[in-house]
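Novice: Take a look at this one; I'll ask things after.
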Amino acid sequence: MPSTAEEFENLGLLKDGIYKRLEFSIQLILDTLSAIGRKNGIIAVSYADMIAGLKERGILPEELAEKASFLKDLREILIYDYDLMDDGIAFRNMDEYLEHIESLLNFIRGAVG
């Protein structure tokens with residue numbers, strides 16, 4: 000990652016690649032949470048329903064459910080409303096996004112390990 004928001008904004012295709020990798024990472028987490036849900040008998044028609052089901056059954060702690068829900072919303076923006084992404088805000092919050100991903104990956108490792 001560049002050291003300033005301005006450098007990040009000027010990355011062009013590299014910046015787009017960072018966003019795409021972020022999107023793929025989130026997608027893999029959501030798909031894995033869905034698999035965990037199905038394994039536990041949760042039938043959901045949306046990622047929001049799956050996250051809620053995992054939380055309600057005590058499988059996914061509330062803090063992680065909030066992080067998963069946030070990442071779900073971020074993924075929707077990255078896919079469907081890309082023009083809404085503010086590069087400066089994304090740059091400032093990238094560490095938070097990555098922390099959310101890491102927290103959920105640690106949960107998944109424990110759940111399927």
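Going left to right, the sequence shown walks through residues 0 to 112 as numbering that gives the first Met the number 0 numbers them.
Note that beta-carbon positions come from the ideal geometry of N, C-alpha and C, so glycine has one too.
(1) Nearest-angstrom Cα distance between S140 and N105?
(2) Cα-Cα, which of T3, Y18, P1 and M0 is closest to D80?
(3) For I50 and Q26, I'd like the C-alpha separation in whole angstroms.
(4) How would you call F23, buried or exposed, if buried means at least 16 neighbouring beta carbons within 10 angstroms?
(5) Mind reading off the beta-carbon distance from A34 to R91? Whole number of angstroms is fine, and I expect it under 8 Å.
(6) If you reduce the DSSP assignment to three classes, tell me which class R91 lands in.
Specialist: Here's the rundown:
(1) Because the chain in this structure spans residues 0 to 112, residue 140 falls outside the shown range and cannot be described.
(2) For the set T3, Y18, P1 and M0, the Cα lying nearest the Cα of D80 is the one of Y18.
(3) Going from the Cα of I50 to the Cα of Q26 covers about 13 Å.
(4) With fewer than 16 other CB atoms across the displayed protein chains lying within 10 angstroms of its CB, F23 is exposed.
(5) Incorrect: roughly 33 Å between the Cβ atoms, too far for contact.
(6) In the three-state reduction of the DSSP assignment, R91 falls in the helix class.
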